[in-house]
Amino acid sequence: MADTQTELSGTSFTPERTIASLRVLRVGQAEQHREHRYGSRMPQLWWVFLGRHWVPLPLQCFLIEHRDGLVLFDTGIDPAILSEEGYINQAIGRFLLPRIFRFHLTERDRIDHVLAGAGVAASDIRMAVISHLHFDHVGGIAQIPQADLLVSEREWAILSEPHPEREWILREHIEIPGANWRQVSFTPTDDPLFDGFEGIHDIAGDGTMILLPTPGHTPGSMSMLIRQDGWDPILLVGDLTYETALLEQGVLPGTGDTEALLASGAKVRRLKERLPGLTIVASHDFSAEEVVSRATRRTPQSTEA
Ligand SMILES: [Zn+2]
43 MADTQTELSG
53 TSFTPERTIA
63 SLRVLRVGQA
73 EQHREHRYGS
83 RMPQLWWVFL
93 GRHWVPLPLQ
103 CFLIEHRDGL
113 VLFDTGIDPA
123 ILSEEGYINQ
133 AIGRFLLPRI
143 FRFHLTERDR
153 IDHVLAGAGV
163 AASDIRMAVI
173 SHLHFDHVGG
183 IAQIPQADLL
193 VSEREWAILS
203 EPHPEREWIL
213 REHIEIPGAN
223 WRQVSFTPTD
233 DPLFDGFEGI
243 HDIAGDGTMI
253 LLPTPGHTPG
263 SMSMLIRQDG
273 WDPILLVGDL
283 TYETALLEQG
293 VLPGTGDTEA
303 LLASGAKVRR
313 LKERLPGLTI
323 VASHDFSAEE
333 VVSRATRRTP
343 QSTEA
């Protein structure tokens, strides 16, 4: 384990290693209702107001050291959501938030501080892939003004629909001056690996980071497939599920579009059948760090058993 860590956190690239490392960054701790995480037959309003069982909700994002530059998958939450009175514009949002989540955040949970703790300057981030526009995934964009911010076209369209804030998409913290938003559209492919998906977006053009539409948590949610010689393939699914095991069992969370969640879950499971060893990683899964370190442990020299 120690050896692997040393190797993965090394800064030297070799041409063979397009991706040198994938790291899970902890960007805060929260709690959510049990019904929110594991699903419930009760309507959402019931568990929001009457639910009494809170479960831990780790907040995480991912740092990819690609040969072309540093890439973030999501940017965490802005701790100002707790300290700044007017962070959420709408009174209804300010009323509901503490009934849906309990946040345990400090200033150190802001992405620039978290990156500094990982030995990386926020100003060195070249790109951030935003899985979806919820406040706990876009909260760090102000700290990386130089970075391209990739979002799906469909997710971006939510900003033009009535009341995105009711879906916890806070325009005032997304459409900020200087933010380099780039909308991603998915290109149909005849690669049988991606059968069932509406299309793909190959970020670097080298097949190492491929975006896939996986709607359900939000209409424009997307996942990222990471492939590097010597590693197990890894699929970062954002909030498509709160835990990989739930997605694998077809258990739905307490929020989102049921039909879309079922369809995306089925596509991801089919992808896993075609890509043996695929490691599925959910942003709020407790085991993210452990499974990522296991998937990236093998070296390019090692052979399949
Ligand atoms: Zn989230």
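So for the sequence shown, the numbering used here puts the first residue at 43; every next one is plus one.
The C-beta atom is built at its ideal place from N, Cα and C for all residues, glycine as well.
Alpha helix (DSSP H) runs wholly inside the segment 271 to 323, at least 4 long, in chain order: Complete alpha helix (DSSP H) runs here, min 4: 286 to 291 and 300 to 316.
Notebook entry, point to check: Excluding the five sequence neighbours on either side, which residues of its own chain have a C-beta within less than 7 angstroms of the C-beta of residue 72, listed in chain order?
Noted result: Taking the first residue of the sequence shown as position 1, residue 72 is located at position 30. These residues qualify, in order along the chain: 99, 101, 143, 144, 145 and 146.
Ignoring anything shorter than 3 residues or poking outside the segment 150 to 238, list the beta strand (DSSP E) runs there in chain order.
-> Listed in chain order, the beta strand (DSSP E) elements of length 3 or more contained wholly in the segment 150 to 238 are 167 to 171, 190 to 194 and 222 to 226.
Q.
So, does the segment 279 to 295 touch the segment 233 to 246, judging by three or more C-beta pairs under 8 angstroms?
A. Cβ pair count under 8 angstroms is below three, so no.
Tell me whether residue 123 sits in a helix, a strand or coil according to DSSP, three-state version. As a first step, residue 123 is located in the sequence shown; it is residue number 81 there, counting from the start. Three-state result, residue 123: helix.
Can residue 150 and residue 90 be called in contact, C-beta distance under 7 angstroms? Position 108 of the sequence shown, counting from 1, holds the residue named residue 150. Position 48 of the sequence shown, counting from 1, holds the residue named residue 90. In this structure, residue 150 keeps its C-beta atom at 7 angstroms or more from the C-beta atom of residue 90.
Cβ neighbours of residue 156 in the same chain (closer than 6 angstroms, five flanking residues each side left out):
The count along the sequence shown starts at 1 and reaches residue 156 at position 114. Exclusion of the five residues before and after residue 156 leaves 67 and 69 as the residues of its chain whose Cβ lies within less than 6 angstroms of its Cβ.
Practice task
Reducing DSSP to helix, strand and coil, say where residue 255 ends up.
Solution key: What you label residue 255 is simply residue 213 of the sequence shown in a count that begins at 1. The answer is strand: DSSP assigns residue 255 an E or B state.
Point to revise | Extent of the continuous beta strand (DSSP E) run through residue 115 | key: Counting from 1 along the sequence shown, the entry for residue 115 is found at position 73. Unbroken beta strand (DSSP E) run through residue 115: 111 to 115.
Q.
In the DSSP output, what is residue 96 paired with across the bridge?
A. The residue given as residue 96 occupies position 54 in the sequence shown. Answer is 75.
message = Just list the residues that DSSP pairs residue 349 with in beta bridges.
response = Because the chain in this structure spans residues 43 to 347, residue 349 falls outside the shown range and cannot be described.
Bounding residues of the alpha helix (DSSP H) (the contiguous stretch that carries residue 142): Numbered from 1 along the sequence shown, position 100 holds the residue referred to as residue 142. 133 to 142 is the extent of the alpha helix (DSSP H) around residue 142.
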